[in-house]
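There are 2 protein chains.
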Amino acid sequence: MRFTSEQRLDDGVLEREFTLGEIPGILWTPGSASAPAPLILLGHPGGLHKMYPRLAARARHCAAEGFAAATIELPGGGDRPRSAAAEQARADLHRALETGVPVDDEIVDRLVLPLVEKAVPEWRATLDALLSLPEIGGPVGYAGGVIAIGVRLAVVEPRISAAGLFAGSYVPRATFEEAREVTIPLHVLLQWDDEGNDRQAALDLFDAFGSKEKTLQANMGGHTGVPQFAGEDAHRFFTRHLK
Amino acid sequence: MRFTSEQRLDDGVLEREFTLGEIPGILWTPGSASAPAPLILLGHPGGLHKMYPRLAARARHCAAEGFAAATIELPGGGDRPRSAAAEQARADLHRALETGVPVDDEIVDRLVLPLVEKAVPEWRATLDALLSLPEIGGPVGYAGGVIAIGVRLAVVEPRISAAGLFAGSYVPRATFEEAREVTIPLHVLLQWDDEGNDRQAALDLFDAFGSKEKTLQANMGGHTGVPQFAGEDAHRFFTRHLK
């Protein structure tokens, strides 16, 4: 892990860009940390530059609660090399959406599963590097999308002790099976009136999770309109489980 | 409204039993209130004496947040006169449950609708009396079951500005229609693994509500196992809307 830039934000949060091999990422740490901070990994749908304002806002909220936060670019996202197969799957998805036919499971599998296969080892390598920093101490949470990546991480990465997931569409069939193996506490956000989202799939996935403590919070406000109090509830979830 | 007993609880909360005509009830007010307190009406499934420990715990939580809280006995509950029709409906319900046949909508209508017709005017008369007390100032919230009563109150009683409802089974068909007329902010709690509850009916009812701000929070823990943090979230909901 190599830090490539460093700036102190106006609320005292230290924001550092890094690269881990070919993978760009950002680490935010609280301004005044007396002890190693617990860490929240911020998931997103890819495109770090475009997502920066929302990620930075979430990270600063984390830092205000005493958490470090980090994110990395997804495989194929931003300036990272695209895979021809993923581009084809994306084109097939858009064609299905434009013609109004139901999106075939097979397209979803081609779009999401290779992403999970590549992204999860990258997140784990990032975790290795972050946990070697003296200012970060764990425990670790995962927050955000892509939900199939969050589910896989929750199953295979024992250092992740709690996950806050955004319920989204295009969940591969295999993810519903994997969800049964998840046992860590979960906080799932669902935008009830998100017309681009498959609500029933989100409810089925929530039902499938094997965790004894799982909370589904459904709110109004459309795809990007998660209410402020829902964000605060999610932070309280992490405070309960990571502190 | 006639107060029949008065005691100061160990946390300073003043608990007063009252009668309003034939209806027994309990009022809890914060120990140290400098201004008239907003009020939360505590709904329950009937049987004030049996429900007392849980109602008192909820009321003390309300008082700790600066709310007054009040409850009344349901028609036919506790020592109040039973109606032969309601008893017959209850017997028919139990017979259906014992034989494992699906509970007919017609039984639910006979069981719940007359209760709504009687209980809602009683709650409104109680509200008249409570709001005439100098220590209670409004605004007013309704919290708890019976959900069909909460829905009717939310539609017909303009003094109720927010409602926290427990999703329960045995929702009359008419209540789904009425739910569309509800416009006040709602916080709906659903115990996801409550085997005695019809989860799909709860989700359908949440979907039907006309409110622009509505939150569904689903948790694990069975019928009576609402997690502590869920109670705290519900109180934050009332604090957002009644203060």
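Residue numbers (this note's numbering), protein chains in the order written: chain A, 518 to 760; chain B, 518 to 760.
Just so it is clear, CB atoms sit at the ideal spot from N, CA and C, and this is done for glycine as well.
For I557 (chain A), there is no enclosing alpha helix (DSSP H); the enclosing beta strand (DSSP E) covers residues A554 to G560. Of the candidates B:Y569, B:W709, B:R716 and B:A679, the residue whose Cα lies closest to the Cα of P555 (chain B) is B:A679. The three-state reading of DSSP puts E712 (chain A) in coil, since its state is none of H, G, I, E or B.
For secondary structure counted as the beta strand (DSSP E) over 3 or more consecutive residues, the segment 668 to 753 of chain B holds these complete runs in sequence order: 677 to 683, 703 to 708 and 731 to 736. Under the DSSP assignment, E534 (chain A) falls in the beta strand (DSSP E) whose first and last residues are L531 to L537. In terms of Cβ geometry, L531 (chain A) and G548 (chain A) form a close pair [threshold 8 Å]. Interface criterion not met: the Cβ of A636 (chain A) is under 8 Å from no Cβ in chain B. At least one beta carbon of chain A lies nearer than 8 Å to the beta carbon of D750 (chain B).
The residue among B:A684, B:R757, B:R577 and B:F693 with its C-alpha nearest the C-alpha of A587 (chain B) is B:R577. At least one CB of chain A lies nearer than 8 Å to the CB of Q734 (chain B). With its beta carbon less than 8 Å from one in chain B, F746 (chain A) belongs to the interface. For E523 (chain A) and I543 (chain A), the gap between their C-alpha atoms comes out near 10 Å. Contacts between E590 (chain B) and chain A, judged by CB atoms closer than 8 Å, are missing: the closest CB pair is about 33 Å apart.
At a C-beta separation below 9 Å, R757 (chain A) has these neighbours in chain B: F746.
Looking at B:A573, B:D527 and B:H611, the one whose alpha-carbon comes closest to that of E534 (chain B) is B:A573. DSSP, reduced to helix, strand and coil, places E523 (chain A) within a strand of the structure shown. Your pair G681 (chain A) and F754 (chain A) checks out as a contact, with CB atoms roughly 6 Å apart and the cut at 8 Å. With respect to the 8 Å criterion, G739 (chain A) and Q717 (chain A) are not classified as neighbours on the basis of their beta carbons.
Nearest Cα to R519 (chain A) within the set A:H758, A:D626, A:P689 and A:S649: A:S649.
Taking C-beta separations shorter than 6 Å and ignoring five residues to either side along the sequence, the partners of A580 (chain B) in its chain run V530, W545 and P547, following chain order. Shortest Cα-Cα distance from I624 (chain A) to any of A:V637, A:E615, A:D609 and A:L614 involves A:D609.
Residue pairing by DSSP places L630 (chain A) in no beta bridge whatsoever. Identification of residues in the segment 717 to 741 of chain A having a C-beta nearer than 9 Å to some C-beta of chain B yields L720, F723, D724, S728, K729, E730, K731, T732, L733, Q734, A735, N736, M737 and G738, given in sequence order. With a 10 Å radius around the Cβ and a threshold of 16 neighbouring Cβ atoms, E694 (chain A) comes out exposed. Separation of G655 (chain A) and A606 (chain A) (C-alpha to C-alpha, rounded to the nearest whole angstrom) is 37 Å.
In the displayed model, V657 (chain B) falls within a strand according to three-state DSSP.
Distance between T732 (chain B) and F723 (chain A), taken at the CA atoms: about 16 Å. The C-beta separation of L706 (chain B) from A684 (chain B) comes to about 7 Å, placing the pair in contact by the 8 Å criterion. By the beta-carbon neighbour count (other beta carbons within 10 angstroms, threshold 16), T616 (chain A) is exposed. Pairing W640 (chain B) with I589 (chain B) gives a Cβ-Cβ distance under 8 Å.
If only complete runs of 3 or more residues are kept, the segment 552 to 629 of chain A shows the beta strand (DSSP E) at 554 to 560 and 585 to 589, in order along the chain. Counting of Cβ neighbours within 10 angstroms places T692 (chain A) among the buried residues, the total reaching 16 or more.
Within the model, the alpha-carbon separation for L670 (chain B) versus P570 (chain A) is close to 43 Å. Straight through space, the alpha carbons of A602 (chain B) and T536 (chain B) are spaced by roughly 25 Å. Burial of G661 (chain B) is indicated by the presence of at least 16 other C-beta atoms within 10 angstroms of its C-beta.
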